[in-house]
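This note's numbering applies: residue 55 is where the sequence shown begins, and numbers increase by one.
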Amino acid sequence: MKSSKSYVIDTSVALAYIVENAPGRDKVVEIFNVAKKGKVKLYTVYPVLSELLYVASRIYSATGFAEHNRMALDLVLWIKNVAEVAEITLNIALRAGELKKLLGIALTDCYVIATAETLSAIALFLKIEEEMKKRIHLIEKLPVEFIVKTL
Numbered sequence: 055m056k057s058s059k060s061y062v063i064d065t066s067v068a069l070a071y072i073v074e075n076a077p078g079r080d081k082v083v084e085i086f087n088v089a090k091k092g093k094v095k096l097y098t099v100y101p102v103l104s105e106l107l108y109v110a111s112r113i114y115s116a117t118g119f120a121e122h123n124r125m126a127l128d129l130v131l132w133i134k135n136v137a138e139v140a141e142i143t144l145n146i147a148l149r150a151g152e153l154k155k156l157l158g159i160a161l162t163d164c165y166v167i168a169t170a171e172t173l174s175a176i177a178l179f180l181k182i183e184e185e186m187k188k189r190i191h192l193i194e195k196l197p198v199e200f201i202v203k204t205l
């Protein structure tokens, strides 16, 4: 990761921070540590935070934590302090819709990519998600990076 870059992080990146055996977790921890030092700029969007709250709560619950909802909220608030929440403008919303039509991937992922385009940043995902594989030839033309690069 070059220190001059800015990234818009996807839910998968934030979740890898709490899943100790997640592929690419070491890189995710490094990215957050570098961002906390101000050497990399991280952004996210509110749909990612919503998704993160839901999925993190399920992960914490499945692993037996009684206070899974509080822990998930704490994670969301921590991410919000490390990554700036970018405003979703009409242009970003429209671009996300166009990306959804073109790529057929999750709408949250489309918001991450559209925001990255608007901010001249890179949309950062943990790995190529199953639904992305059939459109990877189009995704590769966008400002997108994957921490784990295997198909």
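The beta carbon of each residue, even a glycine, is placed where N, CA and C say it ideally should be.
Residue interval of the beta strand (DSSP E) (run including residue i)
| i | result |
| --- | --- |
| E199 | V198 to V202 |
| K134 | Counting along the chain, K134 falls outside any beta strand (DSSP E), though it belongs to the alpha helix (DSSP H) covering H122 to V136. |
Endpoints, the alpha helix (DSSP H) within which residue i is located
| i | result |
| --- | --- |
| F86 | R79 to K90 |
| Y93 | The question names Tyr, but residue 93 is Lys in the sequence shown. Counting along the chain, K93 falls outside any alpha helix (DSSP H), and DSSP gives it neither H nor E. |
| V166 | L161 to L173 |
| N75 | Neither: N75 is in no alpha helix (DSSP H) and is coded neither H nor E. |
Simplified DSSP assignment, three categories, for residue i
| i | result |
| --- | --- |
| K188 | coil |
| I183 | Checking the sequence, you will find Glu at residue 183 rather than Ile. Three-state DSSP puts E183 in coil, outside helix and strand. |
| I63 | strand |
| I113 | helix |
| I142 | coil |
Contact under 8 Å by Cβ, residue i with residue j
| i | j | result |
| --- | --- | --- |
| A89 | V136 | yes |
| V166 | V139 | no |
Length of the line joining the Cα atoms of residue i and residue j
| i | j | result |
| --- | --- | --- |
| Y114 | S66 | 15 Å |
| T143 | K93 | 26 Å |
| Y71 | G118 | 18 Å |
Three or more beta-carbon pairs under 8 Å between the segment 57-74 and the segment 157-177, yes or no? Touching, per the Cβ criterion.
Count Cβ pairs between the segment 185-205 and the segment 153-160 that sit closer than 8 Å; are there 3 or more? yes
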